[in-house]
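A.B. asks: Let me give you the structure first, and then I'll get to my questions.
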Amino acid sequence: MYLRGWLMCAVLMAQPALSATHAENDRLRAWKITAVAVLSARSDANSVATAAMLSPAAGPELAARASELAPDSAPLAWVHLRLCAITPGCDIRAAATAMRWVAADNPAAWLPTLGVAQRERDTVEIERILVDMSQGGHFEVYAIPVAVLMFDALKAVAASLPRSFADNDASRLALVIGVANAKLVPTFAAIEEVGRESAALPSRHESCQKIARKLQRGDTVSGELAGLAIKKHAFLPESKEAHAISERRHLLEWQAAAAARFDEPLLPWLKKPHARWHLARMRTLHREQDVVLAILREQGASLSGP
Numbered sequence: 014m015y016l017r018g019w020l021m022c023a024v025l026m027a028q029p030a031l032s033a034t035h036a037e038n039d040r041l042r043a044w045k046i047t048a049v050a051v052l053s054a055r056s057d058a059n060s061v062a063t064a065a066m067l068s069p070a071a072g073p074e075l076a077a078r079a080s081e082l083a084p085d086s087a088p089l090a091w092v093h094l095r096l097c098a099i100t101p102g103c104d105i106r107a108a109a110t111a112m113r114w115v116a117a118d119n120p121a122a123w124l125p126t127l128g129v130a131q132r133e134r135d136t137v138e139i140e141r142i143l144v145d146m147s148q149g150g151h152f153e154v155y156a157i158p159v160a161v162l163m164f165d166a167l168k169a170v171a172a173s174l175p176r177s178f179a180d181n182d183a184s185r186l187a188l189v190i191g192v193a194n195a196k197l198v199p200t201f202a203a204i205e206e207v208g209r210e211s212a213a214l215p216s217r218h219e220s221c222q223k224i225a226r227k228l229q230r231g232d233t234v235s236g237e238l239a240g241l242a243i244k245k246h247a248f249l250p251e252s253k254e255a256h257a258i259s260e261r262r263h264l265l266e267w268q269a270a271a272a273a274r275f276d277e278p279l280l281p282w283l284k285k286p287h288a289r290w291h292l293a294r295m296r297t298l299h300r301e302q303d304v305v306l307a308i309l310r311e312q313g314a315s316l317s318g319p
């Protein structure tokens with residue numbers, strides 16, 4: 014009886030907070046609808062791409078239009094491919110082909126196709142894709158440059174948007190970073206699964222180890238962690254190589270967590286100047302790892318762990 018009564022009290026006490034959350038979500042949804050309408054009415058590719066990133070339903074169509082406006086842009090081609098890949102019922106084939114044409118050296122262009130091949134258990138296609146991925150350069154998912162172009166596009170139309178959200182540099186930057194990370198950064202689960210299987214399939218081993226090295230030079234922390242995970246399968250669990258890989262993984266995770274703590278100033282009057290400083294780093298440093306290190310250096314923090 015006591016537990017049931019305590020739970021009932023907890024539910025009743027949480028209702029105002031839940032109602033506030035629902036109201037906040039409703040305001041954000043309304044703001045996004047207006048932002049998508051304003052941005053999609055413009056004629057430049059970055060505005061249309063920003064509308065695609067903010068749209069819950071018309072993302073792939075708007076992203077395709079943005080790519081047509083800037084056919085040589087690899088970041089916008091990736092926006093199109095990723096939004097299609099995460100939208101139920103969207104056929105990725107045309108977007109994947111366009112991405113591979115624009116960024117032939119980027120193995121990330123194959124990730125959605127690899128995911129399809131895995132779901133269909135098409136081992137021949139998986140082998141072919143791995144070979145193609147292993148011949149590319151480093152993985153890029155363009156989350157930072159896309160966040161920057163979204164920031165600029167939203168700031169350009171700020172006067173036409175409701176002031177309920179993203180009405181200053183700090184909140185605008187937080188919004189675009191969150192959206193870019195959520196929609197553009199894949200889980201890398203497909204390639205990690207293939208990497209695990211490669212230990213028992215010698216035909217995949219060489220390709221997977223090449224891909225692991227390319228992931229480690231990529232532009233996201235999560236991609237580098239995936240590369241380390243794949244690389245580790247090449248060594249015995251207790252080997253010095255596996256131990257070094259684990260240490261590198263822990264360092265990356267610590268650095269990212271430490272930068273996230275520093276990146277949230279406690280004093281309100283520091284938020285806007287810090288957002289402008291952060292944005293300036295993002296304009297010149299397109300790898301997430303480099304932005305993380307820049308934040309730690311700015312705060313005078315250790316780069317080698319606690």
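Just so we're aligned, residue 14 is where the sequence shown starts under our numbering, counting upward by one. Yeah, the Cβ is synthetic: ideal placement off N, Cα and C, and Gly gets one too. All values reported here derive from a predicted model rather than from experimental measurement.
Counting along the chain, where does the alpha helix (DSSP H) carrying L162 start and finish?
C.D. replies: Start and end: A156 to A169.
A.B. asks: Just the C-alpha distance for A30 and A179, rounded to the nearest angstrom, thanks.
C.D. replies: Per-residue confidence for A30 stands at a pLDDT of 46, beneath the threshold of 50, marking its modelled position as unreliable; no derived number is given.
A.B. asks: From I204 to L124, what distance separates their C-alpha atoms?
C.D. replies: Distance between the alpha carbons of I204 and L124: 8 Å.
A.B. asks: Throw me the rounded Cβ distance for the L174 and W44 pair, which I believe falls under 8 Å.
C.D. replies: Yes, L174 and W44 are in contact; Cβ-Cβ is about 7 Å, under 8 Å.
A.B. asks: Excluding five sequence neighbours on each side, which residues of the same chain lie with their C-beta closer than 7 Å to the C-beta of A116?
C.D. replies: Closer than 7 Å at the Cβ level, and outside the excluded window around A116, lie A87, A90 and A122.
A.B. asks: Applying the criterion that 16 or more other CB atoms from any shown protein chain within 10 Å of the CB defines a buried residue, is A27 buried or exposed?
C.D. replies: Confidence is the limiting factor: at A27 the pLDDT is only 43, short of 50, which leaves the residue's position unreliable, though a coordinate-based value still follows. A27 is exposed by the Cβ-count criterion.
A.B. asks: Under three-state DSSP, which class holds E153?
C.D. replies: Coil, per DSSP.
A.B. asks: Exposed or buried, what is R113 when buried is set at 16 or more other beta-carbons lying within 10 Å of its beta-carbon?
C.D. replies: It is buried - the Cβ of R113 has at least 16 other Cβ atoms within 10 Å.
A.B. asks: Determine the extent of the alpha helix (DSSP H) in which S259 is found, giving its start and end residues.
C.D. replies: Looking at the DSSP string, the run of the alpha helix (DSSP H) that includes S259 is K253 to F275.
A.B. asks: Since G150 and K244 should fall inside the 8 Å C-beta cutoff, what is the C-beta to C-beta distance between them, to a whole number of angstroms?
C.D. replies: Actually they are not in contact, since the Cβ atoms of G150 and K244 sit about 17 Å apart, beyond 8 Å.
A.B. asks: In three-state DSSP terms, what is E311?
C.D. replies: In the structure shown, E311 sits in a helix (DSSP, three-state: H, G or I).
A.B. asks: Run the CB neighbour count on H287, radius 10 Å, all protein chains shown included, and call it buried at 16 or more, exposed below.
C.D. replies: Buried, because 16 or more other Cβ atoms sit within 10 Å of the Cβ of H287.
A.B. asks: Using beta-carbon positions only, say whether V189 and F164 come within less than 7 Å of one another.
C.D. replies: Yes.
A.B. asks: Unbroken alpha helix (DSSP H) runs of length 4 or more, entirely within the segment 54-97: which are they?
C.D. replies: As far as the segment 54-97 is concerned, its whole alpha helix (DSSP H) runs of at least 4 residues are 58-67 and 72-82.
A.B. asks: In this structure, does DSSP put L238 in helix, strand or coil?
C.D. replies: It is helical.
A.B. asks: Please name the residue, chosen from L67, E37 and A54, that lies closest to N194 on a Cα-to-Cα basis.
C.D. replies: Closest by alpha carbon: L67.
A.B. asks: List the whole-angstrom C-beta distance separating I308 from A272, where the pair is believed to meet the contact cut-off of C-beta under 8 Å.
C.D. replies: About 4 Å separates the two Cβ atoms, so the contact holds.
A.B. asks: Look at the alpha carbon of E140 and the alpha carbon of Q148, and state the distance between them as a whole number of angstroms.
C.D. replies: Roughly 13 Å between the two C-alpha positions.
A.B. asks: Report buried or exposed for Q312, applying the criterion of at least 16 other Cβ atoms within 10 angstroms of its Cβ.
C.D. replies: Label assigned to Q312: exposed.
A.B. asks: Do L162 and I142 have their CB atoms nearer than 7 Å?
C.D. replies: Not in contact: L162 and I142 (Cβ atoms no closer than 7 Å).
A.B. asks: Please report the distance separating the alpha-carbon of E133 from that of E206.
C.D. replies: Roughly 14 Å between the two C-alpha positions.
A.B. asks: Closer than 6 Å by C-beta to N59: which residues in its own chain qualify, once you throw out the five before and the five after it? Chain order, please.
C.D. replies: Result list for N59: L162 and A166, in chain order.
A.B. asks: Is the beta carbon of G231 within less than 6 Å of some heavy atom of the ligand ZN?
C.D. replies: Although the ligand ZN was asked about, the structure shown includes no ligands whatsoever.
A.B. asks: Looking at S211 and R40, is the spacing between their C-beta atoms short of 7 Å?
C.D. replies: Going by C-beta atoms, R40 is not nearer than 7 Å to S211.
A.B. asks: Using the C-alpha atoms, what's the distance from I258 back to E251?
C.D. replies: Rounded to whole angstroms, E251 to I258 spans 11 Å at the Cα level.
A.B. asks: Quick one: is M21 buried, meaning 16 or more other Cβ sit within 10 Å of its Cβ, or exposed?
C.D. replies: Because M21 carries a pLDDT of 44, less than 50, the predicted location of this residue cannot be relied on, and the following value inherits that uncertainty. Exposed is the call here.
A.B. asks: May I ask which residues mark the beginning and end of the alpha helix (DSSP H) holding L143?
C.D. replies: Its alpha helix (DSSP H) spans residues T136 to S147.
A.B. asks: Anyone know if the C-beta pair for L156 and L197 falls short of 7 Å?
C.D. replies: Residue identity check: residue 156 is Ala in the sequence provided, not Leu. It is a contact, given that the beta carbons lie within the stated cut-off.
A.B. asks: DSSP state of N181, grouped into three classes?
C.D. replies: N181 falls in the coil class under three-state DSSP.
A.B. asks: Per DSSP, what kind of secondary structure is C221 in: helix, strand or coil?
C.D. replies: Three-state DSSP puts C221 in a helix.
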